[in-house]
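Please read the structure below before turning to the comments.
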Amino acid sequence: MTAIAYKNGYMAADTAVWRGDVIAGHIQKIRRLLDGSLFAAEGNSDYIESYCQWRILGGEMPPIAEKDEDFFGLIVMPSGIVCWVPRSYRII
34 MTAIAYKNGY
44 MAADTAVWRG
54 DVIAGHIQKI
64 RRLLDGSLFA
74 AEGNSDYIES
84 YCQWRILGGE
94 MPPIAEKDED
104 FFGLIVMPSG
114 IVCWVPRSYR
124 II
């Protein structure tokens, strides 16, 4: 389970990668995007990496599946607008 918090320009998230009930490693779950937005995600670490690479490097959006319970993102734009990447956007 990932914890993501945002308030007044500050974002925080844990870094744990879980395999069942065991911590299997760590991943950076918050990234600054090229436009200055902050992006934080929870879920499958491969999905997080794919989404971040797309948002940071540009290009075409990675393919999405119909539904995934293993990926969710929060984006805070430089203007302060907060939006989310819903669970329905699965990166495959």
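Those letters in the sequence shown? Residues 34 to 125, by our numbering.
From the three backbone atoms N, C-alpha and C, an ideal C-beta is built for every residue, glycine too.
For clarity, every value in this text was computed on a predicted model and none was experimentally measured.
Query	Result
For methionine 44 and isoleucine 63, believed in contact at Cβ under 8 Å, the rounded distance	6 Å
Helix, strand or coil at isoleucine 60 according to DSSP, with G and I counted as helix	coil
7 Å CB neighbourhood of serine 70 in its chain, flanking five on each side removed	Ile108, Val109, Met110 and Pro111
Cα-Cα separation between isoleucine 114 and phenylalanine 105, rounded to whole angstroms	17 Å
C-alpha gap between leucine 148 and glycine 53, whole angstroms	Limits of the chain in this structure are 34 at one end and 125 at the other, which puts residue 148 out of reach.
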